[in-house]
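Worksheet: the structure to be examined is printed underneath.
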Amino acid sequence: MANLIDGKKISAEVKEKVRLETASLVEKHGIQPGLAVVIVGNDPASRVYVNNKKKACEAVGFRSWEYALPEDTTQAELLELVETLNAEKNVNGILVQLPVPAQIDDKAIINAISPAKDVDAFHPENVGQIMIGDYKFLPCTPAGVMELIDSTGIEVSGKKCVVIGRSNIVGKPMAMLLLHRSGTVTICHSRTVDLPSVTKEADILVAAVGKANFVTGDMVKEGAVVIDVGMNRLENGKLCGDVNFAEVEPKASWITPVPGGVGPMTIAMLMRNTLTAAKSQNGIQD
Ligand code: NAP
């Protein structure tokens, strides 16, 4: 039977640290970190994420601003807002909730956000910094996964790590972070031949596929650490991961649940990145 990795508890610890550091930043320097969140259109999932981010900002003592733009917002209008926020001194972090409606090119928006305020770490400059291992921000979900792995006490160095998924938001940066820790990393995707033969080798398996119950028991090595990034909404409204928990849990040594695993970590890491941004923009060292 696997040990459960409690993302709720670990994320609460991260947020508590951020809250304490924020209180000290306000007291010593009169600086209150601020996050601007932009949402375009009426996607219900995006609305839930944005509400959760605002709540987290309140809990750690940040200022937050929400810009809710209509579905028919043009790219030029969104770019203009991003430019305004780039120039606004009190705004330390800018987050444009993805996906944006089809008339807007998300790459153009990501590229327009000042790298210093890019708390999602999606801007090519920040992506490049991550690649060379000299970064200010890490993308929130993979950074959260690293915290969860660290909480197990298991060393990544020398381990066989398999990441299923190669998205720019999760899979690729995830693989890079595991590589920075000297894991031997394999990235799998939809063209991978005989996926189970690869995943069965993994000491650490990260699933970021976007398909409910995709990773079955026969795909996992006995004693593996299994991290489930997937957040899939079933027809009955329930949230379900990419890992078939009932089958995999008995084989794994450690496993994240869904919900209550990676999800809460993503927001906690966003709070940490915003604090880092506020300190860095004000020339405050750790
Ligand atoms: P994505 O952009 O759709 O990428 C999915 C990846 O899975 C792609 O690289 C795809 O391969 C691969 N894939 C699809 N079918 C496969 C198959 N049969 N075999 C092997 N690989 C396959 O998704 P994403 O943005 O990375 O997100 C992945 C999941 O994580 C989603 O459920 C998302 O909701 C969740 N997520 C959770 C959080 C969180 O905070 N917990 C944050 C972000 C995302 P190709 O590249 O070849 O198409």
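Heads up, the sequence shown is in our numbering, so the first residue is 6 and it goes up one at a time. All C-beta atoms in this analysis are idealised placements derived from N, C-alpha and C, irrespective of residue type, glycine included. Everything numeric in this text was worked out from a predicted model, so none of it was measured.
Distance cut-off 7 Å: residue i Cβ against heavy atoms of the ligand NAP
{"i": "SER304", "result": "Because residue 304 is not part of the residues shown, which for the chain are 6 to 291, the question remains open."}
{"i": "ARG52", "result": "no"}
{"i": "ALA303", "result": "A question about residue 303 goes unanswered here, because the residues of the chain that appear run from 6 up to 291."}
{"i": "LYS20", "result": "no"}
{"i": "SER202", "result": "no"}
{"i": "LYS216", "result": "yes"}
{"i": "CYS245", "result": "no"}
{"i": "GLY288", "result": "no"}
{"i": "MET237", "result": "The sequence given here places Asn at residue 237; Met does not occur at that position. Yes, since a heavy atom of the ligand NAP falls inside the 7 Å radius drawn around the Cβ of ASN237."}
{"i": "HIS185", "result": "no"}
{"i": "THR146", "result": "yes"}
{"i": "ILE154", "result": "no"}
{"i": "THR197", "result": "yes"}
{"i": "VAL292", "result": "The chain is shown from 6 up to 291; residue 292 falls before or after that span and cannot be answered."}
{"i": "ARG24", "result": "no"}
{"i": "ILE267", "result": "According to the sequence provided, residue 267 is Val. The question's Ile does not apply to it. Yes."}
{"i": "GLY176", "result": "yes"}
{"i": "HIS194", "result": "yes"}
{"i": "ARG171", "result": "yes"}
{"i": "THR78", "result": "no"}
{"i": "THR191", "result": "no"}
{"i": "THR261", "result": "no"}
{"i": "THR271", "result": "yes"}
Integer Cβ distance of residue i from residue j, believed to fall under 8 Å
{"i": "ALA113", "j": "LEU86", "result": "The Cβ separation is near 13 Å, so there is no contact."}
{"i": "VAL220", "j": "ASN249", "result": "6 Å"}
{"i": "THR197", "j": "ILE10", "result": "Not a contact, Cβ separation roughly 25 Å."}
{"i": "ALA229", "j": "LEU210", "result": "5 Å"}
{"i": "GLY12", "j": "GLY266", "result": "4 Å"}
{"i": "ALA61", "j": "LYS20", "result": "7 Å"}
{"i": "THR152", "j": "MET270", "result": "Contrary to the premise, residue 152 reads as Glu rather than Thr in this sequence. Contact flag correct, Cβ pair sits at about 6 Å."}
{"i": "ALA213", "j": "VAL234", "result": "4 Å"}
{"i": "VAL190", "j": "VAL225", "result": "Contact flag wrong, Cβ pair sits at about 17 Å."}
{"i": "LEU280", "j": "VAL263", "result": "Actually they do not touch by this definition, with Cβ atoms about 27 Å apart."}
{"i": "ARG24", "j": "ALA64", "result": "7 Å"}
{"i": "ALA282", "j": "ALA121", "result": "7 Å"}
Residue-level contact to chain B via CB, residue i, 8 Å cutoff
{"i": "VAL220", "result": "As a matter of chain content, chain B is missing from the structure shown, which is built from one protein chain."}
Exercise. Are the region 186-205 and the region 38-45 touching by the rule of at least three beta carbon pairs closer than 8 Å?
Worked result: Judged by Cβ distances under 8 Å, the region 186-205 makes no contact with the region 38-45, as fewer than three pairs qualify.
For this session: Only counting runs of 4 or more residues, tell me where the alpha helix (DSSP H) segments fall wholly within the region 155-215, in order along the chain.
Result: DSSP runs (the alpha helix (DSSP H)) wholly in the region 155-215: 176-185, 200-204.
Exercise. Counting pairs of Cβ atoms below 8 Å between the region 110-127 and the region 264-280, do you hit three or more?
Worked result: Contact annotation: the region 110-127 touches the region 264-280, with at least three C-beta pairs closer than 8 Å.
For this session: Note down, one range per segment and in chain order, each alpha helix (DSSP H) of at least 4 residues found wholly within the region 29-74.
Result: If we require 4 residues or more, the alpha helix (DSSP H) runs fully inside the region 29-74 come out as 49-65.
Exercise. In chain order, which alpha helix (DSSP H) runs of at least 4 residues are fully inside the region 102-157?
Worked result: With a minimum length of 4 residues, the unbroken runs of alpha helix (DSSP H) contained wholly in the region 102-157 fall at 111-117, 129-136, 145-156.
Exercise. Does the region 98-108 come close enough to the region 253-265 to have 3 or more Cβ pairs within less than 8 Å?
Worked result: Taking 8 Å as the limit for Cβ pairs, the verdict is that the region 253-265 does not touch the region 98-108.
Exercise. Mind pulling the alpha helix (DSSP H) runs of 4 or more residues that sit fully within the region 249-280?
Worked result: As far as the region 249-280 is concerned, its whole alpha helix (DSSP H) runs of at least 4 residues are 250-253.
Exercise. With a cut-off of 8 Å, do at least 3 Cβ pairs link the region 161-181 to the region 196-212?
Worked result: Segment contact: the region 161-181 against the region 196-212, three or more CB-CB distances shorter than 8 Å; contact assigned.
Exercise. Given 8 Å as the limit, is there contact between the region 145-157 and the region 171-178, that is, 3 or more CB pairs closer than that?
Worked result: Yes, since at least three Cβ pairs between the region 145-157 and the region 171-178 fall closer than 8 Å, the two stretches touch.
For this session: Could you say if the region 93-103 and the region 74-82 meet the contact criterion of at least three C-beta pairs nearer than 8 Å?
Result: No: fewer than three Cβ pairs fall under 8 Å.
Problem set entry | Continuous beta strand (DSSP E) assignments of at least 3 residues falling wholly in the region 74-100 | Complete beta strand (DSSP E) runs here, min 3: none at all.
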